[in-house]
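2 protein chains.
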Amino acid sequence: MTVTKDIRTDRIFHALSDHTRRDILRRSLEGEHSISELAASYDMSFAAVQKHVSVLHKAGLLTKRRKGRKALTRGNPETIRSATALLKELEALWYGRVERMDFLIAQDNPETPNLPSET
Amino acid sequence: MTVTKDIRTDRIFHALSDHTRRDILRRSLEGEHSISELAASYDMSFAAVQKHVSVLHKAGLLTKRRKGRKALTRGNPETIRSATALLKELEALWYGRVERMDFLIAQDNPETPNLPSET
DNA sequence: TCAATATACAACCAATAGGTTGTAGAACAA
DNA sequence: TTGTTCTACAACCTATTGGTTGTATATTGA
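As structure tokens, this is what we get:
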């Protein structure tokens, strides 16, 4: 229990922040896949895919089991649910804000909120 | 799935992968805060906090509006919802897997799934 | 007017991320 | 046995991240 919750959460979102890793996770949620099988799909080396699997594994987003030579990966829905729960908590903060009427007050404000331009 | 959408998603999860940024986001969801006001809470320079705000802004997780000298940040629940939706889709893949009975077949397997040891 | 405040942004630096190639060993197939 | 497959991991390289300090500019208040 050396690792704090914050660091665990950091690792989960970091693991999710790469689209190759999200793709590996999607496939591992649908069924078991060996690393070499996964690696065949991407335009990068086996070692690179192996590292992506390792990042997902260390984040707890997937489990591994040995079957002969193969290391079979399987998505772990528990960890995904914990990330979803955290996002729901963030959303709830905003809803709380609506309840306190801050949102309605803000609607009277003539200034336009500034989102970054697409790049 | 478009490349640009992938990049936008990468940015959202990357922005969420730092606990200082998650804290800034929480506070910005509860109400508006100027950057200097936020910066006072953290053990780092104003410029560092400004960079964190910029990462959140570029990810679309918060909006900025000018009020005199101040740049007021406000959390954007829309972007959080889009991230939540993506995680829900991932969870759904796993539920789909249950429907296909893969999960029940896997339960017969004697080998124990391997999660990484805490470090 | 002038000092203080708030922000923006550039330049710099160490650590980490994401890729590569190479080496080694275990498990399988013939 | 021997060659092939699959994984693990080290060493290396470059780009990015997350922090710093310093400078410039706009706004406010006395």
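Here the protein sequences line up with chains A and B, keeping their order.
So that you can map any letter, position 83 of the first sequence is 114 in the working numbering, and since no number is skipped, the others follow by simple counting.
So that you can map any letter, position 83 of the second sequence is 114 in the working numbering, and since no number is skipped, the others follow by simple counting.
No residue lacks a Cβ here, since even glycine has one placed at the ideal position from N, Cα and C.
Can we say the segment 62 to 79 of chain B touches the segment 85 to 97 of chain A, given the rule of at least three CB pairs closer than 8 Å?
no
Could you confirm whether any beta carbon from chain A is found closer than 8 Å to the beta carbon of B/Gly106?
Working through the second sequence from its first residue, we reach residue 106 of chain B at position 75. With 8 Å as the cut-off, B/Gly106 counts as an interface residue toward chain A.
Would you grab the beta carbon distance between A/Gly62 and B/Glu61 for me? Rounded to a whole angstrom, and I think it's under 8 Å.
Within the first sequence, the letter at position 31 stands for residue 62 of chain A. Within the second sequence, the letter at position 30 stands for residue 61 of chain B. Not really, about 41 Å apart at Cβ, beyond 8 Å.
Of all Cβ atoms in chain A, is any one closer than 8 Å to the Cβ of B/Asp49?
As a first step, residue 49 of chain B must be located in the second sequence, where it is residue number 18. Yes, B/Asp49 counts as interfacial toward chain A.
Determine the closest residue to A/Pro108 out of B/Glu122, B/Arg112, B/Lys95, B/Thr104, with distance taken between C-alpha atoms.
Along the first sequence, read from residue 1 onward, the residue named residue 108 of chain A stands at position 77. Residue B/Glu122 is the option with its Cα nearest to A/Pro108.
Where does A/Lys98 land, buried or exposed, given buried means 16+ other C-beta within 10 angstroms?
To locate residue 98 of chain A, count along the first sequence from 1; it is residue 67. Its Cβ having fewer than 16 others within 10 Å, A/Lys98 is exposed.
Starting from B/Lys98, follow its DSSP beta bridges and name the residues at the other end.
As a working note, residue 98 of chain B is residue 67 in the second sequence. Paired residues: B/Lys101.
Just grab the DSSP bridge partners of A/Asn107 for me.
As a working mapping, residue 107 of chain A is identified with position 76 in the first sequence. According to DSSP, A/Asn107 bridges with nothing at all.
What is the DSSP secondary structure of A/Ser67, reduced to helix, strand or coil?
Along the first sequence, one-based indexing puts residue 67 of chain A at 36. Helix, per DSSP.
Grouping DSSP H, G and I as helix and E and B as strand, with all else coil, what is B/Leu93?
Counting from one through the second sequence, the residue named residue 93 of chain B turns up at place 62. B/Leu93 carries a strand assignment under DSSP once its states are collapsed to helix, strand and coil.
In whole angstroms, give me the CA-to-CA distance for A/Glu68 and A/Lys101.
By one-based count along the first sequence, residue 68 of chain A stands at place 37. By one-based count along the first sequence, residue 101 of chain A stands at place 70. A/Glu68 and A/Lys101: Cα-Cα distance of roughly 10 Å.
Give the interface partners of B/Ile55 over in chain A, defined as CB-CB distance under 8 Å, in chain order.
The count along the second sequence starts at 1 and reaches residue 55 of chain B at position 24. Here the premise fails: no neighbours, minimum Cβ distance about 11 Å.
Any heavy atom of the ligand FMN closer than 7 Å to the CB of A/Glu122?
In terms of ligand content, the structure shown is empty, and the ligand FMN therefore cannot be addressed.
Can you name the residues of chain B whose CB is closer than 7 Å to the CB of A/Asp37?
Along the first sequence, one-based indexing puts residue 37 of chain A at 6. By Cβ distance, chain B contributes His50.
What's the gap between the Cα of B/Phe44 and the Cα of B/Asn145?
Locating residue 44 of chain B in the second sequence gives position 13, where the first residue counts as 1. Locating residue 145 of chain B in the second sequence gives position 114, where the first residue counts as 1. B/Phe44 and B/Asn145: Cα-Cα distance of roughly 25 Å.
Find the nearest neighbour of B/Pro147 within the set A/Ala90, A/Ser65, A/Leu47, A/Arg53, judged by alpha-carbon distance.
As a first step, residue 147 of chain B must be located in the second sequence, where it is residue number 116. Out of A/Ala90, A/Ser65, A/Leu47, A/Arg53, A/Ala90 has the C-alpha closest to the C-alpha of B/Pro147.
Does the CB of B/Glu68 have a neighbour CB from chain A at under 8 Å?
Position 37 of the second sequence holds residue 68 of chain B. No, B/Glu68 does not count as interfacial toward chain A.
Quick check: is the beta carbon of B/Leu124 nearer than 8 Å to any beta carbon in chain A?
Along the second sequence, one-based indexing puts residue 124 of chain B at 93. By this cut-off, B/Leu124 is an interface position.
For a contact defined as C-beta to C-beta under 7 Å, what are the partners of B/Leu60 on chain A?
On the second sequence, residue 60 of chain B is found 29 positions in, with the first residue counted as 1. Result: Leu121, Leu124, Trp125, Arg128.
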